[in-house]
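Undergrad:
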Amino acid sequence: MTEKQNIRHLSLEELQEQFLELEEPRFRAAQIWQWLWQKGAPGFHEMTNLPKAFREKLESHYDVYRMSVSDRQLSTDKTIKCGFRLYDGEFVEGVLIPQESRMTACISSQVGCSLTCSFCATARLPRKRNLFFDEIYDQVDMINRMATESYGVHLSNIVFMGMGEPLLNYSQVMKAIERITAEDGLGMSPKRITVSTAGIAKMIKKLGDDDVKFNLAVSLHAANDEKRNKIMPINETNSLGALSEALLYFYDKTGTRVTFEYVMLQDENDTPKDAEELAAFAKILPSKINLIEYNPIENGIYQKSSGNAMHRFKDLLEQKGCIVNIRRSRGQDIDAACGQLANKQLNPVI
Ligand code: SF4
C-alpha cells in the first residue's frame, strides 16, 4: 500500500478524531462517511457538496482505493461476470445471477485460493492475498449498481462462493458483512447472505461463538473421508468427524439451519452408496442439500453426472427424509459458474 491512508479503514469515530486534528468540524466526518459507504464515491473529487479546499486537504492525507470494473461478460442466460481490478493491480471476479425470484451476487474473498479442491478452477491460482473488507464491500456495491442498471432490480442475495475460502479471511469477511448489513452501509439483511466454506472446523466453531446471523453453507461433495480427501484435500486436516462436531456446535449456538453443497461428479460421488452416506451425514442437524450440476473446467478430471443420475440421487435422499434442491448451472458459457472463476481473461492457459 502507498503512504496515503485508506480512509475507509477508519471507523466513523476515528474519522471524527482525525478531522479534529485537521481543524475540520465534526459533522464533516458524517458527510464523508455517506459518500464513502452509500454514494459509492470513487474519490474525493466526486464529493461535490464539500468545499474544494477541504477536498484537496483530504486528497493530500487519504485515498479511497476503490476497485474498478476491468472486464464484463454477459452470458446467454443473462448472468454477468465481472473482473475487478484492485488498487495493487491484482484481480478478482464476481458474478451477478438474475433469477425470477431473486438477484444474487456471488463474490470473492481472496485473490486466488490456498485450498486445492480438485474440481475447481480457482484452485489453480495460488492465493496471493486476502481481500480487505472494503474490497469485498465494493464487489457487492458495484454488482448491486449493475443489477439496477441492467435489470432494474436491487440485489436480494449475496453468496460468498467466488474465489477464495472466506473463513480463511475471517476478520475481513466479518467486517465486510457488518458494513453490508449496516443501516449506514448497504442495509441488507444478514438472512440474505450466505457464507460458503470448504469446511474449516475451527472457524465454523468461531462463527457459532460470534453468534452470526447470516447463513452458512458447507461444500461437502462427499460424505466419506476417503472420497472427500480426493475431491477436497482440506478434508485431510478437517475430517468429516471434525466437521460434524463443529457444525453441531454452530447449530447449538446459532439455531441456524446449514446448507450442504454437493457438486455431482459422474461415477465419483453419485452412486446410491454416496447418497446413503450423504443422507446420514446431513441428518446430524437441521439442514438442506443443494445438488449442483458440475461445470467442466479445462483439463479437468471429472465429468458431470447425467440429469437422470441427479434425479435418482435426489429421490434417494428424499426417501431418507432430506430436503433437497437441484441447482442448475448458470453462466457456464462465460466461465461464471460455480468452481469456474479463474481470472481466465488474464490467465488464458490454465
Ligand atoms: S472450491 Fe472454493 S475453497 Fe475450493 S479451491 Fe475453489 S475457491 Fe478454493
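Sequential numbering from 46 applies to the sequence shown in the numbering used here. Just so you know, even glycine gets a beta-carbon here, dropped at the ideal spot from N, CA and C.
(1) Would you kindly work out how many angstroms separate the C-alpha atoms of E290 and D297, rounded to a whole number?
(2) What do you reckon, is the C-beta of L160 under 7 Å from a heavy atom of the ligand SF4?
(3) Hey, would you say F358 sits closer than 8 Å to A320, going by beta carbons?
(4) Whether or not the stretch 295–310 and the stretch 245–260 are in contact is what I'm after, with contact meaning three or more pairs of Cβ atoms, one per stretch, closer than 8 Å; do they touch?
(5) Distance, Cα to Cα, I403 vs V240?
(6) Pull the bridge partners of D108 from the DSSP assignment, please.
(7) With a threshold of 7 Å (Cβ to nearest heavy atom), would K264 be considered close to the ligand SF4?
(8) I want to check one thing, is the minimum distance from the CB of E138 to the heavy atoms of the ligand SF4 below 7 Å?
(9) With DSSP collapsed to three states, give me the class of T282.
(10) Tell me whether P235 sits in a helix, a strand or coil according to DSSP, three-state version.
(11) What residue ranges within the stretch 272–360 form continuous alpha helix (DSSP H) runs of no fewer than 4 residues, ordered along the chain?
(12) Where do the ends of the alpha helix (DSSP H) carrying T75 lie?
(13) Given D255, which residues of its chain have a CB within under 8 Å of its CB, disregarding the five upstream and five downstream residues?
(14) Less than 7 Å between C-beta atoms, sequence neighbours within five positions excluded: which residues of the same chain meet that for R224?
(15) Around the Cβ of V394, are there at least 16 other Cβ atoms within 10 angstroms (buried) or fewer (exposed)?
(16) Should L60 be labelled buried (16 or more other beta-carbon atoms within 10 Å of its own) or exposed?
(17) For S234, which option in S216, H199, E210, G209 has the closest C-alpha, if you only look at C-alpha atoms?
(18) Rounded to a whole number of angstroms, what is the C-alpha to C-alpha distance between G286 and L292?
(19) Does the distance between the C-beta of T167 and the nearest non-hydrogen atom of the ligand SF4 fall short of 7 Å?
(20) G376 to L160, Cα distance in whole Å?
(21) Give me the residue from P143, L336, R130, L103 with the minimum Cα distance to D122.
(22) Give the secondary structure of S163 by DSSP, where H, G and I count as helix, E and B as strand, and everything else as coil.
(23) If we require 4 or more residues per run, which alpha helix (DSSP H) segments fall completely within the stretch 121–204?
(24) Quick check on L65: buried or exposed, where buried means 16 or more other Cβ atoms within 10 Å of its Cβ?
(25) Look at the Cβ atom of Q118, then the Cβ atom of S153, and state whether they are nearer than 8 Å.
TA: In brief:
(1) Looking up residue 290 in the sequence shown gives position 245. Looking up residue 297 in the sequence shown gives position 252. Each residue's Cα considered, the two are about 11 Å apart.
(2) For the purposes of this step, residue 160 is taken as residue 115 along the sequence shown, with counting starting at 1. The answer is yes for L160.
(3) On the sequence shown, position 313 is the one that residue 358 refers to. On the sequence shown, position 275 is the one that residue 320 refers to. Against a cut-off of 8 Å, the Cβ pair of A320 and F358 comes out as a contact.
(4) yes
(5) Nothing in the structure corresponds to residue 403, since the chain is present only between 46 and 395.
(6) As a position in the sequence shown, residue 108 is number 63, starting the count at 1. DSSP output for D108 lists N51 as bridge partner(s).
(7) As a position in the sequence shown, residue 264 is number 219, starting the count at 1. Strictly speaking, residue 264 in this sequence is Ser, with Lys absent from that position. Checking the Cβ of S264 against the ligand SF4 gives yes.
(8) As a working mapping, residue 138 is identified with position 93 in the sequence shown. Outside the cutoff, so no.
(9) For the purposes of this step, residue 282 is taken as residue 237 along the sequence shown, with counting starting at 1. It is coil, neither helix nor strand.
(10) Counting from 1 along the sequence shown, the entry for residue 235 is found at position 190. Three-state DSSP puts P235 in a helix.
(11) 285–299, 317–327
(12) Indexing the sequence shown from 1 puts residue 75 at position 30. Correcting the residue type first, residue 75 is Ala in the shown sequence and not Thr. Residues 72–82.
(13) Within the sequence shown, residue 255 is the residue found at index 210, counting from 1. Counting only Cβ-Cβ distances below 8 Å, and skipping sequence neighbours, we find M219.
(14) For the purposes of this step, residue 224 is taken as residue 179 along the sequence shown, with counting starting at 1. Answer for R224: W82, F178, Y182, G230, listed in chain order.
(15) For the purposes of this step, residue 394 is identified with residue 349 of the sequence shown, where counting begins at 1. For V394, the pLDDT reaches just 32, beneath the cut-off of 50, and the residue's location in the model is therefore unreliable, although a value from the coordinates is still provided. The residue is exposed, with fewer than 16 neighbouring Cβ atoms inside 10 Å.
(16) Translated into positions along the sequence shown, residue 60 becomes position 15. Buried, since its Cβ has 16 or more Cβ neighbours within 10 Å.
(17) For the purposes of this step, residue 234 is taken as residue 189 along the sequence shown, with counting starting at 1. Closest option to S234, Cα to Cα, is H199.
(18) For the purposes of this step, residue 286 is taken as residue 241 along the sequence shown, with counting starting at 1. For the purposes of this step, residue 292 is taken as residue 247 along the sequence shown, with counting starting at 1. Cα to Cα, the separation comes out at about 10 Å.
(19) Start at 1 with the first residue of the sequence shown, and residue 167 comes out as number 122. For the ligand SF4, at least one heavy atom lies less than 7 Å from the Cβ of T167.
(20) The sequence position of residue 376 within the sequence shown is 331, counting from 1. The sequence position of residue 160 within the sequence shown is 115, counting from 1. Those two C-alpha atoms are separated by around 23 Å.
(21) On the sequence shown, residue 122 is found 77 positions in, with the first residue counted as 1. Here the closest residue by C-alpha is P143.
(22) The residue you call residue 163 lines up with position 118 of the sequence shown. Residue state, collapsed to three classes: coil.
(23) 178–196
(24) Mapped onto the sequence shown, residue 65 falls at position 20. The residue is exposed, with fewer than 16 neighbouring Cβ atoms inside 10 Å.
(25) For this step, residue 118 is matched to residue 73 along the sequence shown. For this step, residue 153 is matched to residue 108 along the sequence shown. Not a contact, by the Cβ cut-off of 8 Å.
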